[in-house]
C-alpha cells in the first residue's frame, strides 16, 4: 500500500485504543436500552452496501454529524455489516476525556485544530489496519455537530488525507436524519450508500458530500413521507 511519507511514521503512533469484549458486551446492551428510550424506531437501510463490501479491505464510514447519537448509530452499522471487525471512531479529544470508557470500545481522540494531533490519530488507524485490514472506522468530515438542515454539509478534506494514508480502503457514505414524525419519540434514519473503493475511484470530500446529501434528500422527501402515509 502506498504511504504518505509526510504523515505516516509508525514510531510516532501512541498505543491504539484496545477493544474490551466485556465492555463492548455491556455497551451494546446499554445502547439498545438507550435507543429504546430515546427513539420510536431506528430505520436502517444498508441495502446499497450490505453485499458489496470486500472483507479483505478496511471500511471508513463517512456520515454527516447531527447529534450525540451519531457515533453509536455507526456502532450498529458495523454490527450489522461487519460483525467481528470491531469499530474504531475518531472523536474530539475533549469529549473523549469526559467519557474515557469509550477508549475500550474503540474510540480515540484528536484535536482538529492541532495538526500533530490529527497526524497521531490518522497514524493510529494506519497502524490498526497494518495489523488487520478487517477494521471499520467512523470519520465525520464535518468535524463537529452541525444543524440537521445545513446545506452545504461542509465536508472537510481530512477524509482525503486519511484515505490516502490508509492505502486501499472502502468509504461508505452514511446519511443520518432524525425526524419527529407523529409520536412523542422521533424516528432515526440511518441510510448507507454504495461503497467507494479507493483503488478505482479517488476519494474526494466533495463527491462524498454530494452522495450523503443525495441520501439525506431521499430520506427527507421520500422515506419520511412513505412512513407518514403508511400510518395515516
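Residue numbers (this note's numbering): 93 to 324. Note that beta-carbon positions come from the ideal geometry of N, C-alpha and C, so glycine has one too.
- Task: Below 6 Å CB to CB, which residues in the same chain sit around residue 210 once its five sequence neighbours on both sides are set aside?
- Result: 202
- Item | Start and end residues, beta strand (DSSP E) containing residue 145 | No beta strand (DSSP E) contains residue 145, which DSSP labels as neither H nor E.
- Query: At what residue ranges does the stretch 226–259 contain a whole run of the alpha helix (DSSP H), taking only runs of 4 or more?
  - Reply: 250–258
- Message: Going by beta-carbon coordinates alone, are residue 157 and residue 263 separated by less than 8 Å?
- Response: no
- Please go through the stretch 172–210 and give each complete beta strand (DSSP E) segment of 3 or more residues, from N-terminal end onward. 179–184, 199–202
- Message: On the DSSP bridge list, what partners appear for residue 111?
- Response: For residue 111, which the question treats as bridged, DSSP gives no partner whatsoever.
- residue 103 in three-state terms, based on DSSP: Summary for residue 103: the model assigns pLDDT 40, below 50, so the residue's position carries little reliability, and this model does not support an answer.
- Item | Reference residue 274; option with closest CA among 116, 167, 111, 132 | 132
- What residue does the alpha helix (DSSP H) around residue 304 start on, and which one ends it? 297–310
- Can you name, in chain order, every residue of its own chain whose Cβ lies under 8 Å from the Cβ of residue 195, other than the five neighbours on each side? 109, 110, 188
- Task: Report yes or no: do three or more beta-carbon pairs, one from the stretch 225–244 and one from the stretch 276–290, lie closer than 8 Å?
- Result: no
- Message: Using the three-state DSSP reduction, which class does residue 93 fall into: helix, strand or coil?
- Response: In this predicted model, residue 93 has a pLDDT of only 37, less than 50, meaning its place in the structure is not dependable; the value taken from the coordinates is given anyway. Residue 93: coil per DSSP, three-state reduction.
- Message: Once the 5 residues before and after residue 298 are set aside, which same chain residues still bring their CB inside 8 Å of it?
- Response: 247
- How would you label residue 314, buried or exposed, when you count the other beta carbons within 10 angstroms and need 16 or more for buried? exposed
- Item | Beta carbon of residue 143 nearer than 8 Å to that of residue 282 | no
- Item | Contacting residues, own chain, Cβ-Cβ under 7 Å from residue 197 (five flanking each side not counted) | 111, 115, 116, 119
- Within 10 angstroms of the Cβ of residue 258, are there 16 or more other Cβ atoms? Answer buried if so, exposed if not. buried
- Backbone secondary structure at residue 130 - three-state DSSP: helix
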